[in-house]
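The listed protein sequences correspond, in order, to chains U and A. For the first sequence, counting from 1, position 54 maps to 50 in our numbering; every step adds exactly one. Whatever position you read off the second sequence (first residue = 1), add 1 for our numbering. Here's the structure we're looking at; comments come further down.
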Amino acid sequence: MSTPAVQHTLVDSRGSSCPGPITDLSMAYRRSKVGDVIELWATDPGVTSDARAWSDRTGNPILSLEESDGKIVVVIEIQRR
Amino acid sequence: MRQRVLILGGGSGGTILANSLDPRRFDVTVLSESDQHLFQPGLLYAAFQGSRARLVRDERRLLARHVHFVVDTATVVDLEQQWVETAGGERMRYDALVVGTGIRTDPGQIPGLAEIGARVGDYHSSVARARTLWEHLDGFRGGTIALGQATAICKCPPSPIEGILLADELLRRRGLREQSRLVFFTPYPRPYPAEPMNRIVEPILEARGIEVHTFFDLDRIDPEGATLTSIEGETIDCDLPIVVPPFVGAPITYVPGDTLDENGFVRTDQRTLRVLGSDTAFAIGDATSLPTSKSGVGAHLEAKVVARTLSGHQANFGGRTHCPLDLAGGRATFVAGSYDAPVVPAPPSRLKHLMKMAFARLYWLSLRGVLDPAFDVYFRLTEPPVTAPGAG
C-alpha cells in the first residue's frame, strides 16, 4: 500500500485579526496528517506568540517564523496527530 | 423591467434583504429549505435556563407580501449560467443571486458526537435539542460537566463561554456547585478566542472555579463513558458532555467548483460581498468565508450592504461585529470590532444584559426593517475606534 504524499498547505490569513489566523491554523491542522507542512501567512502580530504556544502544546515544531513588511510567515511540520 | 433577485436562505440575512428591496424595482424570491424561522440565540436560554419562549415563527409571515417564498432545497448553483437547481427539480433563473444559506451542525466529523448529541442534546442545532439539554441540566445532581467547542469554527463565538457561565450560575443557584466540577475546553490558546475579550472573560472563569483546557482539539468521544479525547491524546472524563458541534456550509454544488473554500464556505469579497469571480452573485451571513464572527448581527449588516449595492448605491461592508456575551448573574458585555478596529473589551454591565434580552423581543420586528433607523444610530454610536491594523 502506498503512503499518501506529504502535503504542503498554504493558509493565507492575511488581513484577518485575532483569532482569525489561529482559527485557520487549527482547521488546517485538523485536515493534516503526520509529515505534512502547514505554511501560515498572517498580518496580525498576535499570531507569533499564539503559533509558538500552539506548537509547544501540540508538539508540532515550527520550522521557521519570519516577518517582513508586516507579513508573518510561520512554517510548521505536523509530527503529532 | 424588474430585476430578478433570488435569495437562497430564509434566515436573518435573507429575510432582512428580501424585505429591504423595493418591489417596484425588484422581483424578489426567497428559496428556503424550511418554512420555519428560528431565533437561534434563544437556544442558549432554552438549554441553560429552561426558557419556553417561542423561538420559531412562520417565515412566510416574516416576509413582505411582495416577496415570493419557495420552500425547496438548492442543490446546484451555476454562477456562470445564472441558475439554481433544487431538490424538487426546479431550475430557477436570476439576474442577481444572494447566497444566505447559513451553516449547520455536522456532528459526524467527531466520532461519538452524534450519539452524545442525540442523548444529551446541544444548544446550536434545534429547539428540541436545546430542550433535551435542559432536561439533563435540570436533572443534574453533581459531577463533572465538560463544555466546549469541537472545532475552531463556531456559530456565535461567545456562546461556549455563555454556556459554561450559565451552567455555573444554575449549579450555584441550586446549591450544587460544591459537588460539581466544571471544565471548559477550547481549541484556542485562551478561553475567549479574541485576546482583548479574554482579558475580561478569563478572570471571571477563574473566580468561578471553572477549569480551562486550552488547545484542546476534540478528536473523539467515547459515548459510553463520556470521555473526550483530543487529537494530541489529552482526555477529559465527565458525566455531562456539552459540545458545540462542528459546523459546515450548506451541501450545495457550485459551478465553478472553486466557489467554496476548504471549510465549505462561499469565497466572498470582504468589502463588496460579491462571490469571488462573479459579477451577479453575493453572499451574506454565516455561509460566507468572511473573517468575521458568524452571527446574526453580521448577517443583518451584510444584508443591508447588498440591498444598497443592488439598488445602485456605493456600499461596502466594514467587517462590523457586535455580539452580546452573557456573563451570567444578570451582566453582559459586547464583543464589538471591525476589519479596521480589532475587538475592544467593553466593561460588563446590567444595562448590556438588559439590551441583550430586549433585542430577543425586538428580533422579529428587526427582520421587517421597522427598527432600521434605531439600529443605524446605535451602530454609529457604538462604532469601535479604529486602531493600527492587526492590533488585536
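Quick reminder that beta carbons are idealized off the backbone N, C-alpha and C, glycines included. Since the structure is predicted, the reported quantities are computational estimates derived from the model, not experimental observations.
Original post:
Is the stretch 100 to 114 of chain A close to the stretch 139 to 156 of chain A, with three or more CB pairs under 8 Å?
Top reply: yes
Original post:
When DSSP builds the beta bridges, which residues end up paired with A/S145?
Top reply: Looking at the sequence provided, one finds Thr at residue 145 of chain A rather than Ser. Note: A/T145 sits in a beta bridge opposite A/R182.
**OP:** Over the uninterrupted alpha helix (DSSP H) stretch that includes U/T54, give me the two end residues.
**Re:** V43 to T54
**OP:** Run down chain U in chain order and give the residues with a C-beta less than 7 Å from the C-beta of A/A1.
**Re:** Because residue 1 of chain A is not part of the residues shown, which for chain A are 2 to 393, the question remains open.
**OP:** Hey, could you find the ends of the beta strand (DSSP E) A/D28 is sitting in?
**Re:** F27 to S33
Original post:
What span of residues does the beta strand (DSSP E) with A/Y255 cover, start to end?
Top reply: T254 to V256
Original post:
When the cut-off is 9 Å and only beta carbons count, does U/I18 lie next to chain A?
Top reply: yes
Original post:
If you draw a straight line from the alpha carbon of A/A392 to that of A/A119, how long is it in whole angstroms?
Top reply: Unreliable positioning characterises A/A392 in this predicted model, as indicated by a pLDDT of 40, which lies under 50. The coordinate reading is nonetheless provided below. Taking the straight line joining both Cα atoms gives about 41 Å.
Original post:
Got a sec: does the ligand FAD put a non-hydrogen atom nearer than 8 Å to the Cβ of A/M2?
Top reply: The ligand FAD is not part of the structure shown, which contains no ligands of any sort.
**OP:** Decide if the stretch 316 to 332 of chain A is in contact with the stretch 135 to 144 of chain A; the criterion is three or more beta carbon pairs, one per stretch, under 8 Å apart.
**Re:** no
**OP:** Using a Cβ cut-off of 9 Å (strictly closer), state whether U/T44 contacts chain A.
**Re:** no
Subject >> Any C-beta of chain U under 9 Å from that of A/A195 >> reply: yes
**OP:** Pair every Cβ in the stretch 55 to 63 of chain U with every Cβ in the stretch 327 to 338 of chain A, then say whether three or more of these pairs are closer than 8 Å.
**Re:** no
**OP:** Please say whether U/W50 and U/S22 have beta carbons closer to each other than 9 Å?
**Re:** yes
Original post:
Among A/A47, A/R26, A/L277 and A/V344, which has the Cα closest to the Cα of A/E196?
Top reply: A/V344
Subject >> Proximity below 9 Å, CB of A/T383 to CB of A/C239 >> reply: no
Original post:
Got a sec: is the Cβ-Cβ distance from U/W37 to anything in chain A below 9 Å?
Top reply: no
Original post:
Near U/I72, what residues of its chain come up, given a Cβ to Cβ distance below 6 Å and the 5 sequence neighbours on each side ignored?
Top reply: I34, N56 and I58
Original post:
What does A/E86 pair with, by DSSP beta-bridge criteria?
Top reply: A/V77 and A/R92
**OP:** Evaluate contact between the stretch 27 to 45 of chain A and the stretch 67 to 85 of chain A, counting only Cβ atoms and requiring at least three cross-stretch pairs below 8 Å.
**Re:** yes
**OP:** In angstroms with no decimal places, state the Cα-to-Cα distance between U/R10 and A/G320.
**Re:** 15 Å
Original post:
What's the call for A/A329, buried or exposed, on a 16-neighbour Cβ count within 10 Å?
Top reply: buried
Original post:
Can you tell me whether A/A389 is buried or exposed, with buried defined as 16 or more other CB within 10 angstroms of its CB?
Top reply: Below a pLDDT of 50, predicted positions are generally treated as unreliable, and A/A389, at 48, falls in that range; the measurement from the model is reported next regardless. By the 10 Å Cβ count, A/A389 comes out exposed.
Subject >> CA-to-CA distance, A/G164 to A/A54, given in whole angstroms >> reply: 18 Å
**OP:** List the DSSP bridge partners of A/V213.
**Re:** A/F185
Original post:
Does the beta carbon of A/N264 come closer than 9 Å to any beta carbon on chain U?
Top reply: yes
Original post:
Between U/V43 and the rest of its own chain, which residues show a CB-CB distance below 6 Å, the 5 nearest in sequence each way excluded?
Top reply: P17 and I68
Original post:
Between the beta-carbon of A/I111 and the beta-carbon of A/A227, is there less than 9 Å?
Top reply: no
Subject >> 8 Å Cβ cut-off: residues of chain U touching A/T152 >> reply: S22, M23 and R26
**OP:** Give a yes or no on contact between the stretch 297 to 316 of chain A and the stretch 270 to 279 of chain A, applying the rule of three or more CB pairs nearer than 8 Å.
**Re:** yes
Original post:
So which residues of chain A does U/P15 contact, with C-beta pairs closer than 9 Å?
Top reply: A153, P158, Y189, P190, R191, Y193, P194, A195, E196 and G393
Subject >> Cβ-Cβ distance between A/T74 and U/R53 below 9 Å >> reply: no
**OP:** Please classify A/P246: is it buried, with 16 or more other beta-carbons within 10 angstroms of its beta-carbon, or exposed?
**Re:** buried
**OP:** Below 8 Å CB to CB, which residues in the same chain sit around A/F262 once its five sequence neighbours on both sides are set aside?
**Re:** Sequence inspection shows Asp at residue 262 of chain A; the Phe mentioned does not correspond to that position. Closer than 8 Å at Cβ, skipping near neighbours: R268 and S290.
Original post:
Can you tell which of A/T87, A/E225 and A/P192 has the C-alpha that lies nearest to the C-alpha of A/Y255?
Top reply: A/T87
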